[in-house]
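Chemist: Going letter by letter, the sequence shown gives residues 9 to 440 in the working numbering.
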Amino acid sequence: MKVAVIGAGYVGLVTSACFSERGLEVNCVDKSSEKIESLKSGRIPIFETGLDAMISRNIAANKLRFSSDLATAIKDTEISFIAVGTPGRGDGQPNLEDVYRVAEEIATSAKHEMLIVTKSTVPVGTARKIKHRIQHTTGSKHKQFDIAANPEFLREGSAINDFLKPDRVIIGTETDSAVEKLGMLYDSVDISPVMFTGLETAELIKHSANGFLAVKIAYINQIADICERTGANVIEVSKGLGFDKRIGRNFLDAGPGFGGSCLPKDALALIETAKSAGVSPNIIEAAVEANARRKATLANRVAEILGNVENKKVAVFGLTFKAGTDDVREAPSLELIPALRDLGIEVSAYDPKGLQNARAKVGFARFCENAYQAAEGAHAVIVLTEWPEFRNLDFQKMKKIMRKPVILDFRNLLNRSEVVAVGFEYHGIGIG
Ligand code: UDX
């Protein structure tokens, strides 16, 4: 079976790599010929564990091809996945220009029956709008096009596993033929369980999943605040809550606030969807507001612990929005570092993968090659991303090179008794 994947960004590359790995022939298309040339020579523009090897393997096996020529790439395929980016427009709505442009380009180029499948995250109603646009652009030829919504649920850092062993594959369709084609496709690549539903429902499942996760994190962060003022311990509270199968233990880690390219953007898009449907989005709005406030007040927490901020220096460990990625989009570091600077605090920073991306966004910190370099002369270390390597640092050595042995662990990552035994003053999140 042969498919086309349009878009060689995060979702498009993971989709292309995993489908080809499981035996499909994949033509992956991107309008940037520069990106395509780089991919052909094995250079992958993003960091995702295992992705570069999987792409190289399937290019070599001639199952995965890259091209910037959409018309040729879809010529002998019957299914085209749209996996282009839908970045926020700044008004809460995602920018769908590329999604519509690609759909119309497929429709005008295809000379045969084609099932157009949206993989990009889009608001409810987008698939139907694509259908109307295609009808409008292609006139009587529109009957040869069918549409489906197959949203991705990939987490950065575990995207390959999420794709190949998903909790569920959601497919929204309107026709038996689309059900049959996509059913066969997922069957052939041995990816399950698949749930078929309508177009709007599939689209809403995606946004409401990320909206729910945003609410869940905002909720546990609020519980963490209560813990801090009442002497309770949020790590134990999460554990206790997690035993309840109705709640579950996942996504109950209190921290500095959620970030990334999806949760914040999808939560805003869901708010807009609710508003335009005449529904009050007050629950999701509260989560978004609480999260924004949390990130904006991180520097105050640091200042409170430092006492006098004059001539103080702190080391920030972790700049990406979570571990396992080089992505710094909406990361707490992007708010914390400028806020610390505004307070007059000097910042040095280290991240195992995100240095380059962080440097491009907050140029004024001192970016270091390792954690010890960053900690040298610091009055406090702030653990901002849960990179496992921070657990294995030599804290004896760190204590010697720091001016004051203070740790603010915004991820509750470190072994508290271990660092306290070495002589550190330790502050976790939600630990009263
Ligand atoms: C998310 C969704 O999980 C995925 O299904 C979707 O398709 C894309 O968006 P991702 O952006 O990779 O994936 O990040 P995710 O692992 O969901 O984490 C989002 C944010 O929440 C991160 O900032 C993370 O640090 C934070 N988080 C997560 C917490 O603060 N606590 C938790 O318990 C879990």
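Beta carbons are placed, not taken as given, at the ideal position from N, Cα and C, and that holds for glycine.
1. Using only the alpha-carbon positions, how far apart do Leu421 and Leu123 sit?
2. Would you check if the distance between the CB atom of Gly180 and the CB atom of Thr205 is smaller than 8 Å?
3. Please list, in chain order, all residues of the same chain as Phe403 whose beta carbon is under 6 Å from its beta carbon, the five residues on each side excluded.
4. Leaving out the 5 sequence neighbours to the left and right, which residues in its chain are closer than 8 Å to Thr116 when beta-carbon positions are compared?
5. For Leu32, which three-state DSSP category applies?
6. Beta carbon of Tyr108, beta carbon of Arg141: below 8 Å?
7. Let me confirm a value: Arg419 is counted as buried when at least 16 other C-beta atoms fall within 10 Å, else exposed. Which label applies?
8. Taking C-alpha atoms, which residue in Ile168, Leu162 and Arg163 lies nearest to Asp60?
9. Exposed or buried, which one is Ala16 when buried takes at least 16 other CB atoms within 10 Å?
10. Within the continuous beta strand (DSSP E) that includes Ile291, where are the two ends?
11. With a threshold of 7 Å (Cβ to nearest heavy atom), would Glu164 be considered close to ligand 1?
12. Got a sec: does ligand 1 put a non-hydrogen atom nearer than 7 Å to the Cβ of Glu211?
13. Is any heavy atom in ligand 1 found nearer than 7 Å to the beta carbon of Asp252?
14. Is it the case that the CB of Ile390 approaches a heavy atom of ligand 1 more closely than 7 Å?
15. For Ser200 versus Ile228, is the C-beta distance shorter than 8 Å?
16. Throw me the rounded Cβ distance for the Glu121 and Gln152 pair, which I believe falls under 8 Å.
17. Within the chosen definition, does the region 315–330 reach the region 355–367 through at least 3 CB pairs nearer than 8 Å?
18. Touch check for the region 396–412 and the region 347–356: three-plus C-beta pairs under 8 Å?
19. Pull up the CB-CB distance for Lys139 and Pro159, whole angstroms please, since I reckon it's below 8 Å.
20. Is any heavy atom in ligand 1 found nearer than 7 Å to the beta carbon of Ile437?
21. Look up Lys408 in the DSSP assignment and say whether it is helix, strand or coil.
22. Which residue wins for smallest C-alpha separation from Leu306, given the options Gly286, Pro289, Ile291 and Ser341?
23. Using alpha carbons as the reference points, say which of Ser76, Ile313, Gly332 and Pro346 lies closest to Glu397.
24. What separation, rounded to the nearest whole angstrom, lies between the Cα atoms of Ile14 and Leu190?
25. Report whether the distance from the Cβ of Ser341 to the nearest heavy atom of ligand 1 is below 7 Å.
26. Whole angstroms is fine: what's the gap from Ala226's alpha carbon to Gly267's?
27. Under the assumption that Lys222 contacts Ala295 (Cβ atoms under 8 Å), give the Cβ distance between them as a whole number of angstroms.
28. Need the endpoints of the alpha helix (DSSP H) that Asp233 sits in, please.
29. If you measure from the CB of Asp175, is any heavy atom of ligand 3 nearer than 7 Å?
30. Looking at C-beta atoms only, is the number of pairs between the region 267–276 and the region 92–105 that lie closer than 8 Å three or more?
31. Taking 7 Å as the cut-off, is the C-beta of Phe27 nearer than that to any heavy atom in ligand 1?
32. Starting from the N-terminal side, write out each stretch of the alpha helix (DSSP H) that is 4 residues or longer and does not extend beyond the region 324–353.
33. Spatial neighbours of Gly265 within its chain, please: C-beta separation below 6 Å, excluding the five flanking residues on both sides.
34. Comparing C-alpha positions only, which one of Ile87, Ile437 and Lys48 sits nearest to Glu33?
35. Please classify Asp335: is it buried, with 16 or more other beta-carbons within 10 angstroms of its beta-carbon, or exposed?
36. Taking the alpha carbon of Ile155 as the point to measure from, which residue in Ala210, Ala382 and Val22 has its own alpha carbon closest?
Modeler: Judging by the given coordinates:
1. On the sequence shown, residue 421 is found 413 positions in, with the first residue counted as 1. On the sequence shown, residue 123 is found 115 positions in, with the first residue counted as 1. Taking the straight line joining both Cα atoms gives about 46 Å.
2. Locating residue 180 in the sequence shown gives position 172, where the first residue counts as 1. Locating residue 205 in the sequence shown gives position 197, where the first residue counts as 1. It is a contact, given that the beta carbons lie within the stated cut-off.
3. Here residue 403 refers to the residue found at position 395 of the sequence shown. Counting only Cβ-Cβ distances below 6 Å, and skipping sequence neighbours, we find Val427 and Val430.
4. Here the question's residue 116 lines up with position 108 in the sequence shown. Taken in chain order, the residues that qualify are Thr145 and Thr146.
5. Along the sequence shown, read from residue 1 onward, the residue named residue 32 stands at position 24. Looking at Leu32 - three-state DSSP - the assignment turns out to be coil, as it is neither helix nor strand.
6. Numbered from 1 along the sequence shown, position 100 holds the residue referred to as residue 108. Numbered from 1 along the sequence shown, position 133 holds the residue referred to as residue 141. In this structure, Arg141 lies closer than 8 Å to Tyr108 by Cβ.
7. Taking the first residue of the sequence shown as 1, we reach residue 419 at position 411. Classification of Arg419: buried, given that the 10 Å Cβ count is 16 or more.
8. In the sequence shown, residue 60 corresponds to position 52, counting from 1. Among Ile168, Leu162 and Arg163, the Cα nearest to that of Asp60 is on Ile168.
9. For the purposes of this step, residue 16 is identified with residue 8 of the sequence shown, where counting begins at 1. By the 10 Å Cβ count, Ala16 comes out buried.
10. Your numbering for residue 291 matches position 283 in the sequence shown. Ile291 -> not in any beta strand (DSSP E); alpha helix (DSSP H) instead, spanning Asn290 to Ala304.
11. As a first step, residue 164 must be located in the sequence shown, where it is residue number 156. Yes, Cβ of Glu164 sits closer than 7 Å to a heavy atom of ligand 1.
12. The residue you call residue 211 lines up with position 203 of the sequence shown. Glu211 Cβ: outside cutoff for every heavy atom of ligand 1.
13. Position 244 of the sequence shown, counted from the start, is the residue given in the question as residue 252. No, since every heavy atom of ligand 1 falls outside the 7 Å radius drawn around the Cβ of Asp252.
14. In the sequence shown, the residue the question calls residue 390 occupies position 382. No, since every heavy atom of ligand 1 falls outside the 7 Å radius drawn around the Cβ of Ile390.
15. To locate residue 200, count along the sequence shown from 1; it is residue 192. To locate residue 228, count along the sequence shown from 1; it is residue 220. In this structure, Ile228 does not lie closer than 8 Å to Ser200 by Cβ.
16. Position 113 of the sequence shown, counting from 1, holds the residue named residue 121. Position 144 of the sequence shown, counting from 1, holds the residue named residue 152. Rounded, the Cβ-Cβ distance is 5 Å, consistent with contact.
17. yes
18. no
19. The residue labelled residue 139 in the question sits at position 131 within the sequence shown. The residue labelled residue 159 in the question sits at position 151 within the sequence shown. Not really, about 17 Å apart at Cβ, beyond 8 Å.
20. Locating residue 437 in the sequence shown gives position 429, counting from the first residue. Incorrect: Ile437 has no Cβ contact closer than 7 Å to ligand 1.
21. As a first step, residue 408 is located in the sequence shown; it is residue number 400 there, counting from the start. Looking at Lys408 - three-state DSSP - the assignment turns out to be helix.
22. In the sequence shown, the residue the question calls residue 306 occupies position 298. Closest by alpha carbon: Ser341.
23. Working through the sequence shown from its first residue, we reach residue 397 at position 389. Per the Cα distances, Gly332.
24. Walking along the sequence shown from the start, residue 14 turns up at place 6. Walking along the sequence shown from the start, residue 190 turns up at place 182. If I take the Cα positions, the gap works out to 17 Å.
25. The count along the sequence shown starts at 1 and reaches residue 341 at position 333. Because no heavy atom of ligand 1 lies under 7 Å away, the Cβ of Ser341 does not count as near it: no.
26. The count along the sequence shown starts at 1 and reaches residue 226 at position 218. The count along the sequence shown starts at 1 and reaches residue 267 at position 259. Cα-Cα distance, rounded: 11 Å.
27. Sequence index remark: in the sequence shown, residue 222 carries index 214 (1-based). Sequence index remark: in the sequence shown, residue 295 carries index 287 (1-based). Note that residue 222 is Ala in the sequence shown here, rather than Lys. Contact flag correct, Cβ pair sits at about 5 Å.
28. To locate residue 233, count along the sequence shown from 1; it is residue 225. Element bounds for Asp233: Leu207 to Thr238.
29. You won't find ligand 3 in this model; what it holds is ligand 1.
30. yes
31. On the sequence shown, residue 27 is found 19 positions in, with the first residue counted as 1. Incorrect: Phe27 has no Cβ contact closer than 7 Å to ligand 1.
32. 340–350
33. Position 257 of the sequence shown, counted from the start, is the residue given in the question as residue 265. Excluding residues within five positions, the ones whose Cβ falls inside 6 Å are Asn299, Arg302, Lys303 and Pro340.
34. If you number the sequence shown from 1, residue 33 lands on position 25. Checking every option, the nearest Cα to that of Glu33 belongs to Ile87.
35. Against the sequence shown, residue 335 aligns to sequence position 327. Buried, since its Cβ has 16 or more Cβ neighbours within 10 Å.
36. Counting from one through the sequence shown, the residue named residue 155 turns up at place 147. Taking only the C-alpha atoms, the option nearest Ile155 is Ala210.
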